[in-house]
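Asks: Residue numbers (our numbering): 58 to 431. Below are the structure tokens for one structure; questions will follow.
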Ligand code: T4K
């Protein structure tokens, strides 16, 4: 171990992008004047309009967080029975289905992009299937055209968990243009954040009243409570953060691109890195690498801690292997293999290029020593 390479302070796997402190306090000072701090305030509306413009979409609703948006998206479509989804995702995806009384049916993933393998979806469709819930993992687009074709053929609804994919485009179109509803997370750890927050982009104009009501206890008007809703409203402090952050989003994404390219330039060939699609514009949300096997991955994860570098095993364990559910990962061997080998390296807008260089050199050094030993 080279002691000169140890970081003095921890390099986290991710860190929120925050606007200039004065800009934020100036912005929120208006809330002290207006005393309107939540329930569809002025910042909420302003943020919504900015999102519509940025994503180039018409129908948008904002929520308190990504998870609640996803649950309410599912609820708004009144789905029944089974939903085909991926085990290689954050637990939120599966909890959202379960909390809506639906059974997740796990489809294996592609080894190239870690997304649901669209060629394996049709064999899982039964008379109980009502939808496909696909995840654009690490911001890499799913095979949206093929999922669309299958959904039309079998009359299924499509929801995209695009928690990682804000700003991603496919063939020049926003990723939000695919499926019936798309959810983006605005959590602090995401490319675009409003502290906590979630966005739904939806196609059917008739969902507008329902989605607005579902996040506000089902209230349509003071004397009409039409739905069994919840409280999932975005407040004005969140919206203010979102308004300031969205101003810089293109710059942030290009800074992330630089980080991504530096990793690719320096990391040795013994590390498999993320593969982007030719027809996509990426947001560089995460920097996952694949190691030879689970032992190597776990070893490197622990070894990097010694250098004060935090990495994460997103997504391990698989969602069909977690203890709160009684599912099995038997039928998703590719997801199992990827989950055992994946390691996410530090990636956030403010990460210094010199630190990226150093992290890459540590990875190369440690893997070199490790490989020489075995
Ligand atoms: N679907 C998918 C596919 C998702 O990945 C997620 C969330 C959702 C749905 C649900 O969306 P939200 O309801 O969250 O909007 C983190 C995030 O909390 C979570 O949003 C995200 N996915 C998931 C992949 O990552 P944890 O449990 O790993 O978070 P935590 O607290 O360990 O933080 C990760 C790193 O970030 C830490 O190393 C420290 C750093 N950090 C975190 C926070 C909160 C900071 O530096 N500052 C902070 O304020 O889940």
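No residue lacks a Cβ here, since even glycine has one placed at the ideal position from N, Cα and C.
Which of the three DSSP states is assigned to residue 79 in this structure?
Replies: Here residue 79 sits in helix by DSSP.
Asks: The ligand T4K heavy atoms versus the CB of residue 122: any closer than 7 Å?
Replies: Correct: residue 122 has its Cβ closer than 7 Å to the ligand T4K.
Asks: By DSSP's criteria, residue 255 is part of a beta bridge. Which residues make up the other side?
Replies: Partner(s): 120, 242.
Asks: Pick helix, strand or coil for residue 225, following the three-state DSSP scheme.
Replies: Here residue 225 sits in coil by DSSP.
Asks: Between which two residues does the alpha helix (DSSP H) containing residue 412 stretch?
Replies: Start and end: 410-430.
Asks: Check the C-beta distance from residue 423 over to residue 269 and give it rounded, since I have them as a contact under 8 Å.
Replies: So it is not a contact: roughly 52 Å between Cβ atoms.
Asks: Shorter than 7 Å, the distance from the beta carbon of residue 70 to the closest heavy atom of the ligand T4K, or not?
Replies: For the ligand T4K, at least one heavy atom lies less than 7 Å from the Cβ of residue 70.
Asks: Leaving out five residues before and five after residue 182 in sequence, what residues of the same chain have Cβ atoms less than 6 Å from its Cβ?
Replies: 211.
Asks: Give every residue of the same chain whose Cβ lies closer than 8 Å to the Cβ of residue 226, excluding the five residues on either side of it in the sequence, and list them in chain order.
Replies: These residues qualify, in order along the chain: 232, 337, 338.
Asks: Leaving out five residues on either side along the sequence, give the residues of the same chain with a beta carbon under 7 Å from the beta carbon of residue 223.
Replies: So the qualifying residues of the chain are 241, 247, 248, 249, 340.
Asks: List, from N- to C-terminal side, the beta strand (DSSP E) runs of 3 residues or more that fit wholly inside the segment 339-401.
Replies: Counting only runs of 3 or more, we get 344-347.
Asks: How about residue 195 and residue 68: do their beta carbons lie closer than 8 Å?
Replies: Their beta carbons are not under 8 Å apart, which means residue 195 does not touch residue 68 by this criterion.
Asks: Pop quiz: residue 254 and residue 122 are said to be a contact at Cβ under 8 Å. What is the actual Cβ separation, rounded to whole angstroms?
Replies: With 8 Å as the limit, residue 254 and residue 122 qualify as a contact, their Cβ atoms being about 6 Å apart.
Asks: If you follow the alpha helix (DSSP H) that residue 204 is part of, which residue opens it and which one closes it?
Replies: Here the alpha helix (DSSP H) through residue 204 covers 201-211.
Asks: Return the first residue and the last residue of the alpha helix (DSSP H) that residue 264 is part of.
Replies: First-last of the alpha helix (DSSP H) with residue 264: 264-271.
Asks: Residue 144: beta carbon under 7 Å from a heavy atom of the ligand T4K?
Replies: No, since every heavy atom of the ligand T4K falls outside the 7 Å radius drawn around the Cβ of residue 144.
Asks: Rounded to the nearest angstrom, what separates residue 64 and residue 321 at their Cα positions?
Replies: Spanning the two alpha carbons is a distance of roughly 21 Å.
Asks: Using the C-alpha atoms, what's the distance from residue 416 back to residue 150?
Replies: In a straight line, the C-alpha of residue 150 is about 31 Å away from that of residue 416.
Asks: Determine, using beta-carbon pairs with one atom in the segment 198-217 and one in the segment 358-377, whether at least three such pairs fall under 8 Å.
Replies: Output reads no: the segment 358-377 does not touch the segment 198-217.
Asks: Bridge partners of residue 64, per DSSP?
Replies: DSSP lists no partner for residue 64.
Asks: Helix or strand or just coil, what does DSSP make of residue 214?
Replies: Reduced to three states, the DSSP call for residue 214 is strand.
Asks: Could you please give the first and the last residue of the uninterrupted beta strand (DSSP E) stretch that includes residue 139?
Replies: Per DSSP, residue 139 belongs to the beta strand (DSSP E) from 139-142.
Asks: Can you tell me the Cα-Cα spacing of residue 100 and residue 301, whole angstroms?
Replies: So the alpha carbons of these two residues sit roughly 11 Å apart.
Asks: So, at 7 Å on beta carbons, what are the nonlocal neighbours of residue 299 in its own chain, with the 5 sequence-adjacent residues on each side left out?
Replies: Here the set comprises 104, 243, 251, 254.
Asks: By a C-beta neighbour count over all protein chains shown, 10 Å radius and 16 as the cutoff for buried, is residue 86 buried or exposed?
Replies: By the 10 Å Cβ count, residue 86 comes out exposed.
Asks: With DSSP collapsed to three states, give me the class of residue 86.
Replies: Residue 86 falls in the helix class under three-state DSSP.
Asks: Regarding residue 191 and the ligand T4K, is the C-beta to nearest heavy atom distance less than 7 Å?
Replies: No, the Cβ of residue 191 stays beyond 7 Å of every heavy atom of the ligand T4K.
Asks: For residue 94 and residue 294, what's the separation of their Cα atoms in angstroms?
Replies: Taking the straight line from one Cα to the other gives about 7 Å.
Asks: Do you know whose CA, among 316, 60, 377, 71, lies nearest residue 369's CA?
Replies: Comparing Cα positions, the closest option is 71.
Asks: Between which two residues does the beta strand (DSSP E) carrying residue 186 extend?
Replies: Note, residue 186: beta strand (DSSP E), 186-192.
Asks: Look up residue 162 in the DSSP assignment and give the residues it is bridged to.
Replies: DSSP lists 141 as partners of residue 162.
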